[in-house]
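Student: First the structure, then my questions, so here it is.
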Amino acid sequence: MDMSRGEPVLPVTFFAPSMEKLPHVKSNGDIIRLHRVLVKYHLHKSIFPYLLGLINIFTGEVYARFNKKFSSFSLFEGKSGKRFIPYQFSSSPYITDHDRKYITQLRTWLKNFEFQKGHDKYLTQFSGICHGKYCDLVCKILHICKVSEDETVVVLWDGTDTPPIPLETNHDIEAEQNASLQSEPFLPRDVLSTFPSIGSVVRVSIGKSLDDLLQQLQTTCQWVRFRKVKIQPILGFWQVVLLPNSTLCPLSMDDHFANFYQSAYETRISSSLLRMPYSCVPAPSPITQTDHQDAPLSSLREILTHAKVTYKYKCIVRVIAIDPRHAADFFSKSSRSPVYAIRMTLEDPTARIHANLFAEDGEKFFGGYPPTDELQAKVNKLLGVTEDSKELGVQRSVKDHLGDQKSNSLRGPLWVECCIKSYYLDKSNPWETRQYRIFGTRMGA
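Set out below in C-alpha cells:
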C-alpha cells in the first residue's frame with residue numbers, strides 16, 4: 002500500500018532461487034522499492050442462478066510478479082528510519098532524489114497511519130482458545146528448539162493463561178496424558194529461567210516441509226503473528242497446528258498488539274489477584290487451607306526455576322492425578338503403622354510437577370486417618386470425579402471390553418491452594434535430585 006489507498010490492494014509474488022534471496026521484512030510498515038515488476042490483471046468468472054437461467058459475473062484482481070531475471074527490490078526502514086540505505090536488496094540499488102523524496106513522504110504518512118483492523122476478528126489470545134478453533138495469534142517467541150533433523154519446536158507466549166483441558170476419568174488414557182510432566186519437558190532449567198514468571202506457553206511444531214516459515218523466525222523474544230492456524234490439545238497440552246495455508250508475519254517493536262499484550266502482562270505480574278490462574282478468579286476452591294495465608298503466590302514455573310534448590314512456596318494448582326490410584330493403597334507397606342506415601346501430579350497454567358505427600362504432612366492434609374471410603378471421596382473431590390463421571394467411566398470400561406463405541410467421561414479438577422517445599426535426595430548432586438513435597442496444607446470435608 003501507499004498514500005493513495007488505505008488498504009493492501011496490490012499483492013506481489015516473488016520468485017527466487019533460494020529463501021535467502023527473497024525479501025525478509027523486519028517490521029510491519031517497512032518500505033520496499035520494486036523495480037521492473039510485471040503488473041497483471043487476473044479475471045475471475047463466477048456463475049450465479051438467475052430467473053431465466055444463469056448469469057456470468059466477472060471480477061478482477063490486480064497483482065504484481067517479481068522475476069529474478071529482470072526485477073529488483075530494496076527494503077528500507079519504515080517510519081522510524083532516517084537513512085536511505087536499504088537493509089536488504091536483490092541487486093546493487095541506485096537511489097534517485099525522487100526515491101529519497103518519496104521514501105520521506107511514506108515515512109511521514111506512516112507516523113499517523115493506522116493499519117486496517119478488518120481481519121482482527123479472527124485474532125485470539127491464549128486465554129480464548131478452544132479445541133479445533135481456527136484463528137490468528139499474536140505472540141512472543143520464547144525459545145526455538147531443534148528436536149530432530151525433521152522437526153523444530155517453537156515455544157510461544159502472550160501473557161495470558163490457556164483454559165484447563167478437561168481430563169479423562171479413564172486412568173489408562175490419563176496415564177498417557179501425564180507422560181510428560183512439565184509444559185516444557187525438553188528444556189533445561191537455565192532456558193526456563195529466561196521465560197516470564199506467569200502466562201501459559203503453547204508449542205508449535207514446524208516440520209522440514211515448512212522451512213519457509215522457520216526462515217522468518219530470526220530470533221527469540223520476537224513478536225510474531227500467525228494467521229490461519231488451528232488450536233488443539235495434544236497429550237494434555239494445547240498446541241498450535243499449522244495448516245497448508247498458514248502464514249507467519251514478524252511484528253515490529255511498536256506493533257499495537259505486541260505493546261498491548263506486554264503492557265497487560267506487566268500489570269498482571271504486579272497484582273496478587275491477577276497473578277492467579279484466569280480460570281480460578283476471583284478465588285480458588287475453599288476445600289483446602291494452608292498455614293501460610295499471607296505468603297505470596299508462586300507459579301509452578303517460578304518454583305521450577307527458583308535460584309535456591311531448597312525453598313518453600315504457596316501456589317494455586319489443580320491435582321490432575323494421584324498415585325496410587327486407590328485410597329486403600331495410600332500407606333507405605335514398609336511400616337507397621339499407617340504412613341502416608343502418595344505422589345500427586347500438580348498443574349497450573351505454567352507447568353506440571355510431581356509433589357509427594359508423606360507421613361505427617363499426609364496426616365494433616367486428610368485430617369488423620371479417615372475410613373477408606375471417606376478418604377476416597379476426598380480424593381475424588383480433588384480430582385473432579387463426580388458420581389456421574391464414575392458411572393460413565395464404568396460404562397466406558399464395559400464398552401471398551403466389548404469393542405463398542407467409546408463414550409467420553411470427563412472431569413474438571415478443582416483449583417486449590419497448597420504449600421510446597423523443594424528438597425534434594427543427594428547432597429553432592431542437589432539440582433539433579435531435586436524433588437517437591439506438599440506441607441502445611443489441610444483439606445476440609
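All residue numbers for the sequence shown refer to our numbering, where the first residue is 2 and numbers rise by one.
Glycine is no exception: its CB is placed at the ideal position from the N, C-alpha and C atoms.
1. Using DSSP with H/G/I as helix, E/B as strand and the rest coil, what is residue 316?
2. Using the Cα positions of residue 202 and residue 242, report the straight-line distance between them to the nearest angstrom.
3. Leaving out five residues before and five after residue 279 in sequence, what residues of the same chain have Cβ atoms less than 8 angstroms from its Cβ?
4. Around the C-beta of residue 305, are 16 or more other C-beta atoms found within 10 angstroms, so that it is buried, or is it exposed?
5. Which residues does DSSP list as the beta-bridge partners of residue 420?
6. Count Cβ pairs between the stretch 104-112 and the stretch 137-144 that sit closer than 8 angstroms; are there 3 or more?
7. Closer than 7 angstroms by C-beta to residue 50: which residues in its own chain qualify, once you throw out the five before and the five after it? Chain order, please.
8. Do residue 262 and residue 126 come within 9 angstroms of each other at the CB atom, strictly closer than that value?
9. In whole angstroms, give me the CA-to-CA distance for residue 363 and residue 224.
10. Does the pairing of the stretch 429-444 with the stretch 363-377 give three or more beta-carbon distances under 8 angstroms?
11. If you follow the alpha helix (DSSP H) that residue 124 is part of, which residue opens it and which one closes it?
12. Could you tell me which whole beta strand (DSSP E) segments of length 3 or greater appear in the stretch 239-267?
13. So residue 435 and residue 421 are supposed to be a Cβ contact under 8 angstroms. How far apart are they, rounded?
14. If you draw a straight line from the alpha carbon of residue 361 to that of residue 205, how long is it in whole angstroms?
15. What residue range is occupied by the uninterrupted beta strand (DSSP E) comprising residue 379?
16. Count the other C-beta atoms from every protein chain shown that fall within 10 angstroms of the C-beta of residue 357, then say buried if there are 16 or more, exposed otherwise.
17. Around the Cβ of residue 394, are there at least 16 other Cβ atoms within 10 angstroms (buried) or fewer (exposed)?
18. Looking at the secondary structure, which residues open and close the beta strand (DSSP E) in which residue 152 lies?
19. Please state if the CB of residue 319 and the CB of residue 347 are separated by a distance shorter than 9 angstroms.
20. Report the rounded CA-to-CA distance for residue 229 versus residue 328, giving the unit in angstroms.
21. To the nearest angstrom, report how far apart residue 286 and residue 314 are at their CA atoms.
22. Starting from residue 31 and walking both ways along the alpha helix (DSSP H), at which residues does that stretch end?
23. Where do the N-terminal and C-terminal ends of the alpha helix (DSSP H) with residue 110 fall, by residue?
24. Below 8 angstroms on the Cβ atoms is my contact criterion, and I expect residue 1 with residue 353 to pass it. Report the Cβ-Cβ distance as a whole number of Å.
25. Can you grab the Cα-Cα spacing for the pair residue 412 / residue 321, in whole Å?
26. Taking the alpha carbon of residue 233 as the reference point, which residue from 426, 83 and 130 has its own alpha carbon closest?
27. Starting from residue 190, trace the alpha helix (DSSP H) both ways and give me its first and last residue.
28. Go ahead and pull the three-state DSSP assignment for residue 208.
29. Apart from the five residues on each side of it in sequence, which residues of its chain come closer than 6 angstroms, Cβ to Cβ, to residue 182?
30. Since residue 345 sits in a beta bridge, which residues does DSSP pair it with?
31. What three-state label does DSSP hand residue 175 in the structure shown?
32. Note the first and the last residue of the continuous beta strand (DSSP E) segment covering residue 138.
Tutor: Put simply:
1. Under the three-state reduction of DSSP output, residue 316 falls in the strand class.
2. Approximately 14 angstroms, taken between the alpha carbons.
3. The residues are 128, 161, 162, 164 and 350.
4. Taking every protein chain shown into account, the CB of residue 305 has 16 or more other CB atoms within 10 angstroms, so this residue is buried.
5. Beta-bridge analysis with DSSP links residue 420 to 315 and 440.
6. Three or more beta-carbon pairs separated by less than 8 angstroms are not found between the stretch 104-112 and the stretch 137-144, which leaves the two stretches without contact.
7. The predicted model places residue 50 with a pLDDT of 47, which falls under 50 and marks its position as unreliable, so this point remains unresolved.
8. Against a cut-off of 9 angstroms, the Cβ pair of residue 262 and residue 126 comes out as a contact.
9. For residue 363 and residue 224, the distance between alpha carbons rounds to 45 angstroms.
10. Touching, per the Cβ criterion.
11. For residue 124, there is no enclosing alpha helix (DSSP H), since its DSSP letter is neither H nor E.
12. If we require 3 residues or more, the stretch 239-267 turns out to have no beta strand (DSSP E) run fully inside it.
13. Their Cβ separation, rounded to whole angstroms, is 12 angstroms, which puts residue 435 and residue 421 out of contact at 8 angstroms.
14. Roughly 43 angstroms separates the two Cα atoms.
15. Judged by DSSP secondary structure, residue 379 falls outside any beta strand (DSSP E) and instead within the alpha helix (DSSP H) spanning 373-384.
16. Looking at its Cβ environment, which holds 16 or more other Cβ atoms inside 10 Å, residue 357 is buried.
17. Low confidence applies to residue 394: its pLDDT is 41, below 50, so where it sits in the model is not reliable enough to give any reading.
18. Per DSSP, residue 152 is one residue of the beta strand (DSSP E) stretching across 152-158.
19. Yes. Within cutoff.
20. Residue 229 and residue 328 have their C-alpha atoms roughly 47 angstroms apart.
21. About 18 angstroms.
22. Residue 31 -> no alpha helix (DSSP H), and no H or E assigned at all.
23. Residue 110 -> alpha helix (DSSP H) spans 98-112.
24. The chain is shown from 2 up to 446; residue 1 falls before or after that span and cannot be answered.
25. C-alpha separation (whole angstroms): 9 angstroms.
26. Ranking 426, 83 and 130 by Cα distance to residue 233 puts 130 first.
27. From DSSP, the alpha helix (DSSP H) with residue 190 extends over 190-193.
28. The answer is strand: DSSP assigns residue 208 an E or B state.
29. With a pLDDT of 47 at residue 182, under the threshold of 50, the predicted position of this residue should be treated as unreliable, though the coordinate-derived value follows. Closer than 6 angstroms at Cβ, skipping near neighbours: 353.
30. Paired residue(s): 323 and 356.
31. Its pLDDT being 49, under 50, residue 175 is placed unreliably in this model, and the coordinates cannot settle the point.
32. Where residue 138 is concerned, the enclosing beta strand (DSSP E) stretches over 134-149.
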